[in-house]
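Novice:
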Amino acid sequence: SYQIEGSSVAGNRGLSIWDTFTHKDPSPIADRSSGDIATDSYLKWKDDIALLKSYGANAYRFSISWSRVVPKGGRHDEVNAEGIKFYRDIIEELVQVGITPCVDPIYKGCYPASLVSSLGDRLPKFTSEEIAVVKGSSEFFGLNNYTSNLVRESKNPVMMATSTLVNDIEPGGTDELNGRVKTGFTRPNGVQLGPQGW
487 SYQIEGSSVA GNRGLSIWDT FTHKDPSPIA DRSSGDIATD SYLKWKDDIA
537 LLKSYGANAY RFSISWSRVV PKGGRHDEVN AEGIKFYRDI IEELVQVGIT
587 PCVDPIYKGC YPASLVSSLG DRLPKFTSEE IAVVKGSSEF FGLNNYTSNL
637 VRESKNPVMM ATSTLVNDIE PGGTDELNGR VKTGFTRPNG VQLGPQGW
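487 is the number of the first residue of the sequence shown in this note's numbering; add one for each residue after it.
#1: Measuring CB to CB, does I585 end up less than 8 Å from K530?
#2: State the DSSP-derived secondary structure class of F572, mapped to helix, strand or coil.
#3: Using three-state DSSP, classify T508 as helix, strand or coil.
#4: Evaluate S519 with the Cβ neighbour count: other Cβ atoms within 10 Å of its Cβ, from every protein chain shown; 16 or more gives buried, anything less gives exposed.
#5: Would you call the CB atoms of I705 and E579 closer than 8 Å?
#6: Quick one: what does DSSP say Y528 is sitting in, helix, strand or coil?
#7: Can you find a heavy atom of the ligand COA that lies under 7 Å from the Cβ of T525?
#8: Considering just the uninterrupted stretch of the beta strand (DSSP E) at V589, what are its terminal residues?
#9: Using beta-carbon positions only, say whether Y528 and G492 come within less than 8 Å of one another.
#10: Report, in whole angstroms, the separation of the C-beta atoms of T508 and I515, which I expect to be a contact under 8 Å.
#11: Hey, would you say G670 sits closer than 8 Å to F572, going by beta carbons?
#12: Given I490, which residues of its chain have a CB within under 7 Å of its CB, disregarding the five upstream and five downstream residues?
#13: By DSSP, does S502 sit in helix, in strand, or in coil?
#14: Do S553 and S513 come within 8 Å of each other at the CB atom, strictly closer than that value?
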């Protein structure tokens, strides 16, 4: 959520560890950047979802900024109704346009049925000991996973509904992970990204 939302104090959001870290003086970040704006998804989430839909995405995995939901951060602190509404609106919009929201995929030691039906035996299995540790430890928690895939650009620029000229994304993906886009590990300059380049 920090990497995309921006609007670090909008909607009664509290400061996160990253907010306080990136605002130190002198800044510990070489270019003095922060997540104050990021990709501005807090303000542009409807456009983001429309873009996902246009790419043929049928699932969207996102994180919740706990400093937006519980601004003071304590277990017994007040829940921010604006933060809850923000995430509820995103989930409702995704469902309305036919995209499955995937938020915090582990819930009390098991995966949601929709995730199991999509990914089947590709999901890691929990041992009975792991389930015992997770159950009762919290109501739910998130698991971040990241990919080092790049989306390939087409050479055909298109005008988006927001009147922004962008490069079209090369279609052709065939599964639930790729929607209609092609991905790879090679940058335009030929350098391999991630462990594939080691």
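The beta-carbon is built from N, C-alpha and C at its ideal position, and this holds for glycine as well.
Specialist: The relevant details are as follows:
#1: Not a contact, by the Cβ cut-off of 8 Å.
#2: Three-state result, F572: helix.
#3: T508 sits in a helix when the DSSP states are folded into three classes.
#4: The residue in question, S519, is exposed, as its Cβ has fewer than 16 Cβ neighbours within 10 Å.
#5: Nothing in the structure corresponds to residue 705, since the chain is present only between 487 and 684.
#6: Reduced to three states, the DSSP call for Y528 is helix.
#7: For the structure depicted, the ligand COA is absent and the ligand set is empty, with no information on it obtainable.
#8: First-last of the beta strand (DSSP E) with V589: 586-589.
#9: Yes; because the gap between Cβ atoms is below 8 Å, this pair is in contact.
#10: About 6 Å separates the two Cβ atoms, so the contact holds.
#11: Not in contact: G670 and F572 (Cβ atoms no closer than 8 Å).
#12: Only residues of its own chain outside the window of five on either side were considered, and among them A524, T525, S527 have a CB closer than 7 Å to the CB of I490, listed in chain order.
#13: Looking at S502 - three-state DSSP - the assignment turns out to be coil, as it is neither helix nor strand.
#14: Contact: no.
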